[in-house]
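Some notes on the structure that comes next.
In UniProt numbering, the protein residues as written are 1 to 329.
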């Protein structure tokens, strides 16, 4: 114990640093890690593509490079040689005016990259998810505030558990796009331009018992019988603040039936400044009678749905509410 303490104290007091010479990194800067992980972070801020590429092209010890951060820089196209031979476990690219990303640009990071975040580049209109093929350690993918319009199939990524694709311009998803993600635990597609969800757009094969699927703040009016397939008993599906006006039994009953006591579908409408419903304005007629009559174990799995004409919670309607006007089959 004494020896370990002495070694630990030595590392703290000797000023050991993993950072390369600052001259090599300009215009970027280096920051040490913490005591337990002394690997360093390279941060480039308010620079341009030419000077950043020049920094990564210089020879320096990359074995202790843990994180690369590029913020508020004028990058444009990220060419295949942008990072030269440099690797990192965490790559953050924020507000950089990225217009395109060359295939193979991240390949040197394939063995160890755990987090990839790209956001704040409204001129980026597409992203080839096959760029990530072979990234076995990737755990988090964050791609937001761009102008990408579609999600194509993702490759097999066995450790990818968190995907954030919020606030883009996504209007379509390739069928079975997420079936190669066996460890998926959360998928965020909120704030996009989805209006209708097609067959197998959200088909999952994750081994996780609990998955959060966030579709809030889109323009979704309808889904199909096969939009959600292979969902588990503890899925949480957030459809709040969309454009649903009806809750078809043939669509929603199979989904609710698959969900267990911890799973639910959220249809919260949102409320405007005048206290009026601002989304999911459900017409409370015979088309929702099935839901009102459903057993609690089914009906309770559809949360926060309200009648458009009076904002009354559907869950509080008595089971016989529609009996006089909507005959049962």
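We put the CB at the ideal spot given by N, CA and C, even for glycine.
If the criterion is Cβ atoms closer than 8 Å, does the pair residue 77 and residue 43 meet it?
no
Round the Cβ separation of residue 55 and residue 27 to the nearest angstrom and send it over; I've been treating them as touching at under 8 Å.
7 Å
Which of helix, strand or coil DSSP assigns to residue 66
strand
Below 6 Å CB to CB, which residues in the same chain sit around residue 213 once its five sequence neighbours on both sides are set aside?
Around residue 213, the same chain offers 187, 237 as residues with beta carbons nearer than 6 Å, after the five sequence neighbours per side are excluded.
Run through the segment 261-328 for me and flag every whole beta strand (DSSP E) of 3 or more residues, listed as ranges in chain order.
264-266
Note down, in chain order, each residue of its chain lying with its Cβ closer than 7 Å to the Cβ of residue 90, except the 5 sequence neighbours on either side.
66, 67, 114, 115
Specify, as a first and last residue, the run of the beta strand (DSSP E) that residue 29 falls within.
29-31
Do residue 41 and residue 31 have their CB atoms nearer than 8 Å?
Yes, Cβ-Cβ distance for residue 41 and residue 31 is below 8 Å.
Exposed or buried, residue 310, counting other C-beta atoms within 10 Å across all chains shown (16 or more means buried)?
So residue 310 counts as exposed.
Count the other C-beta atoms from every protein chain shown that fall within 10 angstroms of the C-beta of residue 220, then say buried if there are 16 or more, exposed otherwise.
By the 10 Å Cβ count, residue 220 comes out buried.
Give every residue of the same chain whose Cβ lies closer than 8 Å to the Cβ of residue 209, excluding the five residues on either side of it in the sequence, and list them in chain order.
232, 233, 234
Could you tell me whether the segment 185-204 touches the segment 159-166, where touching means 3 or more Cβ pairs closer than 8 Å?
yes
Among 88, 108, 70, which has the Cα closest to the Cα of residue 96?
70
Can you tell me which residues form a DSSP beta bridge with residue 238?
214, 266
Could you check the C-alpha separation between residue 223 and residue 198 for me, to the nearest Å?
6 Å
Per DSSP, which residues does residue 335 bridge with? Please list them.
Examination of residue 335 is not possible in this model, given that the chain is present from 1 through 329 alone.
Would residue 147 and residue 123 qualify as a contact pair, given that the criterion is a beta-carbon distance under 8 Å?
yes
Just how far apart, CA to CA, sit residue 12 and residue 226?
The predicted model places residue 12 with a pLDDT of 47, which falls under 50 and marks its position as unreliable; any figure quoted below should be read in that light. Their backbone Cα atoms lie some 58 Å apart in a straight line.
Which runs of the beta strand (DSSP E) fall wholly inside the segment 88-164 and span at least 3 residues, in chain order?
90-94, 98-101, 115-121, 140-146, 162-164
Helix, strand or coil at residue 25 according to DSSP, with G and I counted as helix:
Three-state DSSP puts residue 25 in a helix.
Does the beta carbon of residue 202 sit closer than 8 Å to a beta carbon anywhere in chain C?
Reference to chain C is not applicable here, since this structure consists of a single protein chain.
Which two residues bound the contiguous alpha helix (DSSP H) that contains residue 75?
First-last for residue 75: undefined, no H or E at that position.
Can you tell which of 141, 326, 39, 25 has the C-alpha that lies nearest to the C-alpha of residue 63?
39
Excluding five sequence neighbours on each side, which residues of the same chain lie with their C-beta closer than 6 Å to the C-beta of residue 2?
Any reading at residue 2 is ruled out, since the residue's pLDDT is 48, under 50, leaving its predicted position unreliable.
Buried or exposed by the 16-neighbour rule on C-beta atoms within 10 Å, applied to residue 328
exposed
Whether or not the segment 250-260 and the segment 276-289 are in contact is what I'm after, with contact meaning three or more pairs of Cβ atoms, one per stretch, closer than 8 Å; do they touch?
no
What residues in its chain sit with their C-beta under 7 Å from that of residue 293, if we drop five residues either side in the sequence?
319
Quick test of your reading: residue 240 and residue 266, contact by CB under 8 Å. State the CB separation rounded to the nearest angstrom.
Right, their Cβ atoms sit about 5 Å apart.
Pairwise C-alpha distance: residue 18 and residue 262:
Looking at the two C-alpha atoms, the distance is approximately 47 Å.
Selection from 109, 137, 94, 142 that minimises the alpha carbon distance to residue 121:
94
Under 8 Å between the Cβ atoms of residue 203 and residue 178?
yes
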